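The listed protein sequences correspond, in order, to chains A and B.
For the record, in the first sequence the residue sitting at position 300 is 300 according to our numbering, with numbers rising by one throughout.
Whatever position you read off the second sequence (first residue = 1), add 1000 for our numbering.
Positions of the beta carbon are idealized from the N, C-alpha and C atoms, including for glycine.
Note that the structure is a prediction, hence the values are computed from the model and not measured.
Report on the following structure.
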Amino acid sequence: MNDKNLVLNIENLVVHYETEYGTVKAVNGIDLKLEKKRSIGLVGETGAGKTTTALAILRLIPDPPGVIKSGLIMLDGESILKKNTKELEEIRGKDVSMIFQDPMTALNPVFTVGEQIAESILLHEDVSKSEANERAKEMLELAGIPGHRANDYPHQFSGGMKQRVVIAIALACHTKLLIADEPTTALDVTIQAQVLELMNNLKEKYQTSLLMITHDLGIVAEICDEVAVMYAGRIVEKGTLTDVFNKTKHPYTEGLFNSLPNINDRKAKLKPIPGLMPDPTNLPIGCSFSTRCTYATDICREKKPNPRWINDTHMVECFAYDDPAFHIMRREK
Amino acid sequence: MAENLVEVKNLKKCFNTSRGILHAVDGVSFNIEEGQTLGIVGESGCGKSTTGRAILRLIEPTSGEVYFKGRDVIKYNELELRKARKEMQIIFQDPFSSLDPRKTVSQIISEPIKIHNLIPNNKDRESRVLELMKTVGLADRLFNTYPHELDGGRRQRIGIARALSVNPKFIVCDEPVSALDVSIQAQILNLLKELQEKLNLTYMFITHDLSVVNHFSDHIAVMYLGKLVEKAPAEELFAHPMHPYTQALLSAIPVPDLGERKKRIILKGEVISPIDMPEECRFAKRCLYTCNTCTDHIPELREVTPNHFVACEFPLGVK
């Protein structure tokens, strides 16, 4: 892979929250690369470290208690971790922007939505106020909201409309990388379908790269090119959609798929993953998933597995593949 | 065919608001056979939770009849209602706010037993609580812990044990898994299913998640703005959705399978306000097939093919 073509390159990122009660090991050495115009889905359950990873890219980790212990985050060839506050302000919203899960709290209730979109444009581009307002209206219309509603306040919009406004703000400056943190979790399915379609269209139009954080594998299948599965602060499996969906390798990914009710076969029995995610202040010595894994052996409990590349794009962290004959059991369709 | 355990007839619940009358549930009728599961699906604000609560009279319905084992629950006085609640229980969506933070696990689970005075003896009650904890998969050592010490999945198990403590026949499950991660969600769904088989429970399963409801229900009813728009056996509903809303809803589910990227139906606009609604099909404004007939009156729920009910003048796929 050509490094020049990378919009995002994370290497060995470690983020801890140092609290009174112990160190929460939220992100424990992850590597993630994203090429221009591509989109990657970061999948995992609550507490897997997805949002912490996203916040680290924007340097928005609350400090204290959060500390970026080590690692490298390159955004379009420049190291984010070396930037000072002023430089970061220029990058946020211009080169990289983020859509948060809850559109209700992401908007400022005392400014009109037009002002909030224009604010981002005024901050990053050399334009007059009236030009910025015009652009704000255009962005609103692109997001599927009539331009005259630019003078309305957030409470006058429904949840789906608010999320459209948030998307308009995020894309107002033609950002290179868009990070979307569960952007449709708070929305109903029919509205979710609308918002996903909008994101897809705008992403194409502005040639933005997308880091999509979600717990929903269905959404990943819908709009991502690649997928990375996180568990207890590690990326345990990543690859193209075909790699991960059709040639699943990691037992945790397998467990996720087997836990989902199959819409086409209502009689299929759910096979949940036994047990719970380990406490991030007290992770197992070996593989973090070993406590729940049905294939775990002694080595899994003693040592951390290293990344193993199945092909150029498909990576899995699992000892079981030391045995060439090993394969997991996806539920039969 | 088993007998109907629950029969709901023309149930209505209106709320008076400063802007007018809000029709949360607007004339809903359905039956649930003993030992079966009726799934109620719909988006936020369609009245599915209100329906569930009105059936148990946790909120008083404005009008309508709810027959439980042939007797109208709505006519019960307070004493009779309390007795009836022994047989009708509910599991709530949010395992964080539905448990008293100042009570221990054992106190929470034993409270309904005490209220109904089922087991007066302390020792016996304690062993009953332990038995219930075992049934739902909670370890004995959690007997004296408080809810805040436990994760969402375990808390939801407490909610289930509490509902089971009085040996109910009928349980309203109000989005019992939507606050949980997928791997935990599957654990709870399997548990609810096992319990149903073991104890011959009847469920009303309220959810917005169509893949969950398909997996779980025998019959499915789709709600839109306080009305039932379609009702059919689960397989039939998924194979032949007849209401344009059901069809759009089914097509909007993201499927974690690369093989079948089907064409999505993207609905225009959003749900209209449930306050002072016009006398027309409630879905008319978003429907792809609206015509004059649709804005003329509110369509009635009618049986189009055997056991398949739909409230649309022009059901899809029917000549």
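DSSP places S1044 (chain B) outside both helix and strand once states are collapsed to three, so it counts as coil.
By the CB criterion at 9 Å, L34 (chain A) and L177 (chain A) fall inside the cutoff. Ranked by Cα distance from T1017 (chain B), the first of B:I1275, B:M1204, B:R1125 and B:R1282 is B:I1275. Going by DSSP, P1233 (chain B) is part of the beta strand (DSSP E) stretching over K1227 to P1233. Shown here for E1313 (chain B): same chain residues with a beta carbon closer than 8 Å to its own, the five before and five after excluded, namely C1281, T1293, C1294 and P1299 in chain order. Setting aside the 5 residues that flank it on each side, L1228 (chain B) is surrounded in the same chain by V1028, S1029, F1030, A1221, V1222, L1301, F1309 and A1311, each with a C-beta closer than 8 Å to its C-beta; the list follows chain order.
In terms of CA proximity to K162 (chain A), A:I191 leads the group A:T175, A:I191 and A:I179. Inter-segment contact for the stretch 152-168 of chain A and the stretch 63-76 of chain A is absent: fewer than three beta-carbon pairs are separated by less than 8 Å.
With a threshold of 16 other beta carbon atoms within 10 Å, C1291 (chain B) falls short and is exposed. Against chain A, the CB of H1116 (chain B) has no partner CB under 9 Å away; the residue lies outside that interface. Within the same chain, and ignoring the five residues on either side of K50 (chain A) in sequence, the residues whose Cβ sits closer than 6 Å to its Cβ are L42, G44, I213 and M230. The bridge partners DSSP lists for G44 (chain A) come to none. Spatial neighbours of V1304 (chain B) in its own chain (CB-CB distance under 8 Å, excluding positions within 5 residues in sequence) are listed in chain order as M1242, V1310, P1315 and V1318. Between A1232 (chain B) and H1219 (chain B), the C-beta spacing is below 9 Å.
The DSSP assignment places 234-240 as complete runs of the beta strand (DSSP E) inside the stretch 227-294 of chain A, in order along the chain (cut-off: 3 residues). In this chain, R92 (chain A) is not harboured by any alpha helix (DSSP H), its DSSP state being neither H nor E. Looking at the DSSP output, E11 (chain A) sits in a beta bridge with A:L72. Inter-residue distance for A48 (chain A) and K1075 (chain B) is about 51 Å (C-alpha atoms, whole angstroms). Separation of the CB atoms of T1202 (chain B) and Y1146 (chain B) is rounded to 32 Å, and the pair is thereby denied contact status at 8 Å. For N246 (chain A), the chain B residues whose C-beta falls within less than 8 Å of its own C-beta are L1258, listed in chain order.
T1246 (chain B) has its alpha-carbon roughly 21 Å from the corresponding atom of M1277 (chain B). Distance from the CA atom of C173 (chain A) to the CA atom of V166 (chain A), rounded to whole angstroms, is 13 Å. Spanning the alpha carbons of G1047 (chain B) and I1272 (chain B) requires a straight line of approximately 13 Å. At the C-beta level, I1055 (chain B) and M1204 (chain B) come within 9 Å of one another. Between the stretch 1178-1190 of chain B and the stretch 1008-1022 of chain B there are fewer than three C-beta pairs closer than 8 Å, too few to call the two in contact. If you draw a straight line from the Cα of C224 (chain A) to the Cα of K36 (chain A), it is about 13 Å long. Every beta strand (DSSP E) of 3 residues or more that sits fully in the stretch 1200-1279 of chain B is shown, in chain order, as 1202-1207, 1219-1224 and 1227-1233. V27 (chain A) is positioned such that its CB atom lies closer than 9 Å to that of V14 (chain A).
Ranked by how close their Cα comes to the Cα of V96 (chain A), the residues A:D102, A:P274 and A:E78 have A:E78 in first place. Between the alpha carbons of A143 (chain A) and R164 (chain A) lies a gap of roughly 6 Å. Comparing C-alpha distances from L1199 (chain B) to each of B:G1052, B:E1270, B:V1006 and B:E1034 shows the shortest one belongs to B:E1034. In the three-state scheme derived from DSSP, where H, G and I count as helix and E and B as strand, L177 (chain A) is classed as strand. Under the Cβ criterion of 9 Å, Q1093 (chain B) is not counted among the residues facing chain A. Listed along chain A, no residue sits closer than 9 Å to P1101 (chain B) by beta-carbon distance, the nearest being about 19 Å off.
Runs of the alpha helix (DSSP H) lying entirely within the stretch 1067-1144 of chain B, each at least 4 residues long, are 1078-1085, 1105-1115 and 1122-1135 in chain order. Around the C-beta of A221 (chain A), 16 or more other C-beta atoms lie within 10 Å, and the residue is accordingly described as buried.
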